[in-house]
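Participant: Oh and the sequence shown: position 144 is 135 in the numbering used here, straight run, nothing missing. Glycine residues also receive a C-beta, built at the ideal position from the N, C-alpha and C atoms. Bear in mind that the values here come from a model prediction, so they are computed numbers and not experimental data.
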Amino acid sequence: MTYIGDFSDEEKTRLEDMVFYFQTVKTNDFKSIFDSLKDVLFETNITVDEDGLTIVNSDKSDTAMITVKLDANKFDKYYCAKKLRIGIMVISFYKYLRCVTTDDVLTIYMEKNTTRNVDNESKIIIRLDNEKKNKMINNIFMLSEVDINEKIMEL
């Protein structure tokens, strides 16, 4: 288990029900990454582990290798209970991030006891908080068990 950032005791108690949780005020940076990825990747795996988030994939035409590493210690708060690989449709994920503004605090997490629905989907919660505008938005991103074949990348 990895804890990075200042978690209150109450937050640590809530984290017991989560697989991963991360929060950042650098929302435009996070959004920009997926804005760029949506143009070159259709779907991808994101590995979430104690070191952070990692994406390794080739572009749609298999001519370029894309590697993205977001270190856990660069997030304001980061928690990971176990290593997890999540398959996402990049454009769908980006659509949830489009409404992010510079004043927002972005929190993304997945609960441990996420029950899968009929379509074998689990959910990731994308939460935006903005104290200046006194708003909180929760988006639920339904994650299908996308069977994304990983390619062995050789340089």
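1) At the level of alpha carbons, what is the spacing between Glu122 and Tyr69?
2) Go to Phe66, then tell me how far its alpha helix (DSSP H) extends in each direction, as first and last residue.
3) Mind checking which residues open and close the alpha helix (DSSP H) that includes Glu2?
4) Would you kindly work out how many angstroms separate the C-alpha atoms of Thr4 and Phe(-2), rounded to a whole number?
5) Where do the N-terminal and C-terminal ends of the beta strand (DSSP E) with Lys86 fall, by residue?
6) Helix, strand or coil: which one does DSSP assign to Lys126?
7) Just to confirm, are Met(-8) and Ala72 a CB contact at a threshold of 8 Å?
8) I need the straight-line Cα distance from Ile79 to Leu32, nearest angstrom please.
9) In the DSSP assignment, find the unbroken beta strand (DSSP E) run with Lys60 in it and report its ends.
10) Report the residue from Asp94, Asn125 and Phe84 whose alpha carbon sits nearest the alpha carbon of Ile177.
11) To the nearest angstrom, how far is the alpha carbon of Glu149 from that of Lys17?
12) Identify which residue in Val91, Arg118 and Lys124 has its Cα closest to the Cα of Tyr12.
13) Return the chain-ordered list of same chain residues with a C-beta closer than 7 Å to the C-beta of Asp67, the five sequence neighbours on each side being excluded.
14) With a threshold of 7 Å on Cβ separation, who are the neighbours of Glu7 within its own chain once the five nearest residues in sequence on each side are excluded?
Facilitator: In short:
1) Here the question's residue 122 lines up with position 131 in the sequence shown. Here the question's residue 69 lines up with position 78 in the sequence shown. Near 21 Å, if we compare the C-alpha coordinates of Tyr69 and Glu122.
2) By 1-based counting over the sequence shown, the position of residue 66 is 75. From DSSP, Phe66 is part of no alpha helix (DSSP H); its letter is neither H nor E.
3) On the sequence shown, position 11 is the one that residue 2 refers to. First-last of the alpha helix (DSSP H) with Glu2: Asp0 to Leu6.
4) Position 13 of the sequence shown, counted from the start, is the residue given in the question as residue 4. Position 7 of the sequence shown, counted from the start, is the residue given in the question as residue -2. Approximately 10 Å between the Cα atoms of the pair.
5) Mapped onto the sequence shown, residue 86 falls at position 95. Not the beta strand (DSSP E): Lys86 falls in the alpha helix (DSSP H), residues Val81 to Leu88.
6) Counted from its first residue, the sequence shown places residue 126 at position 135. Strand.
7) Against the sequence shown, residue -8 aligns to sequence position 1. Against the sequence shown, residue 72 aligns to sequence position 81. Cβ atoms of Met(-8) and Ala72: closer than 8 Å.
8) Numbered from its first residue, the sequence shown carries residue 79 at position 88. Numbered from its first residue, the sequence shown carries residue 32 at position 41. Cα to Cα, the separation comes out at about 10 Å.
9) In the sequence shown, the residue the question calls residue 60 occupies position 69. First-last of the beta strand (DSSP E) with Lys60: Met56 to Asp62.
10) Nothing in the structure corresponds to residue 177, since the chain is present only between -8 and 146.
11) Here the chain comprises residues numbered -8 to 146, so residue 149 is not present and cannot be evaluated.
12) To locate residue 12, count along the sequence shown from 1; it is residue 21. It is Arg118.
13) Position 76 of the sequence shown, counted from the start, is the residue given in the question as residue 67. Here the set comprises Gly(-4), Gln14, Thr15 and Val16.
14) One-based indexing of the sequence shown puts residue 7 at position 16. Cβ within range, chain order: n/a, list empty.
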